[in-house]
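Everything below concerns the one structure shown next.
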Amino acid sequence: MKNFLIVARSFSDLHEEYVGIITDYIKSKGGMCILDLATCPDSSEAEVTVDDNIECIITVGGDGTVVRVAQNVTNRKIPIVGLNCGHLGYLCDMTVDNVIHCLDQLLSDNYKIDERMMLEGECSNDSANTFRALNDIVVASEAAGLYVLNLTVKVNGIQLYSHNCDGLIVSTPTGSTAYNLSANGPIVSPHADCIILTPINPHTLNSRSIILSSNDEVEVSISARHEEDNAKANVIYDGTLRQVLLNEETLKIYRSKTTSYMVMLENVNFLERIRARMQEI
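Numbering (our numbering), first residue to last: 121 to 401.
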């Protein structure tokens, strides 16, 4: 690789420092860098077009920056590698301590490409628009903890369950270590081929996470618990509010045709990575 797009979600002093280090080093080795500071703000819904000559995207920030780029870049099957300047960095192979070593690996083509499935959601009240998620799609009460949803879930048209809860997390294997993990959902290898359903604070003793085939279609609907209620839930894609689900409306969630591609630089398997990250918490 020689030609890179560098994406920084925000331009803090730390980000500016490492954007400069990356840019200067790649140019000193005969490579080319383009800097983009507008690709991945939370409010962005626009698809991002990457020039044909770009071979790799380097993100500077944390997992959120990687996720936002994966959401927005659609015209190219282009690999992404993240420099972690944040907290855990499950999706980031580069750190502030190994950045030069990792750049050498990229420039000498010493890496692997890892494919990651994504999810897509479609609301019955907004069928013209679909949104993608690398980690998860969450249906959550507008006033979390204050208003309980009566939530019904169907899989391939067959009702799975209907109960009161704060919401539902529909996660990819990549997202199993994100919100799903905080809600006591299972950790799943990113190479698995599945969809994970994890209820949020269900008001029942027998509700558990369920792992489905990646080919299954999940349908979520909400209804009012009382006649005078006006049921309403937010639909959140990778931490960003995109749609609103109203009483008796449905949200369909299924595997996206778009695949995300991650650069793997560390010769560390998934279990070793999880163990190392967990020790940092």
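Built from N, CA and C at the ideal position, the CB exists for glycine as well.
Beta-bridge annotation (DSSP): A128 is paired with V180. The alpha-carbon of L203 is positioned some 26 Å away from that of E240. When G181, E262, C285, M382 are compared, the shortest CA-CA separation from L269 is found for C285. Here the C-alpha atom of V355 lies approximately 15 Å from the C-alpha atom of T272. Around the beta carbon of L325, a 10 Å sphere encloses fewer than 16 other beta carbons of the protein chains shown; the residue is thus reported as exposed.
An exposed status is given to M384, since fewer than 16 other beta-carbon atoms sit within 10 Å of its beta-carbon. Contact check for I177 and I198: beta-carbon distance about 6 Å, within the 8 Å limit, so the pair qualifies.
For G140, the closest alpha carbon among the candidates G359, I220, V201, V308 is that of I220.
Ranking N335, L125, C212 by CA distance to the CA of V193 puts L125 first. Across the set T318, D256, A344, A260, the C-alpha of T318 shows the shortest separation from the C-alpha of Y281. Secondary structure of I154 (DSSP, three-state): strand.
With contact defined as three or more Cβ pairs closer than 8 Å, the segment 232-247 and the segment 307-322 are in contact. Setting aside the 5 residues that flank it on each side, N321 is surrounded in the same chain by C285, D286, each with a C-beta closer than 7 Å to its C-beta; the list follows chain order. Here A253 carries a strand assignment [DSSP, helix/strand/coil]. By the C-beta density criterion, Q191 is buried, having at least 16 other C-beta atoms within 10 angstroms. If you draw a straight line from the Cα of D183 to the Cα of E386, it comes to about 16 Å.
The continuous beta strand (DSSP E) containing E339 extends over residues 338-343. If you look at N300, you'll find it in the alpha helix (DSSP H) that goes 299-302. Counting the other Cβ atoms within 10 Å of the Cβ of D213 gives 16 or more, which makes it buried. Your pair D256 and Y210 does not check out as a contact, with CB atoms roughly 13 Å apart and the cut at 8 Å.
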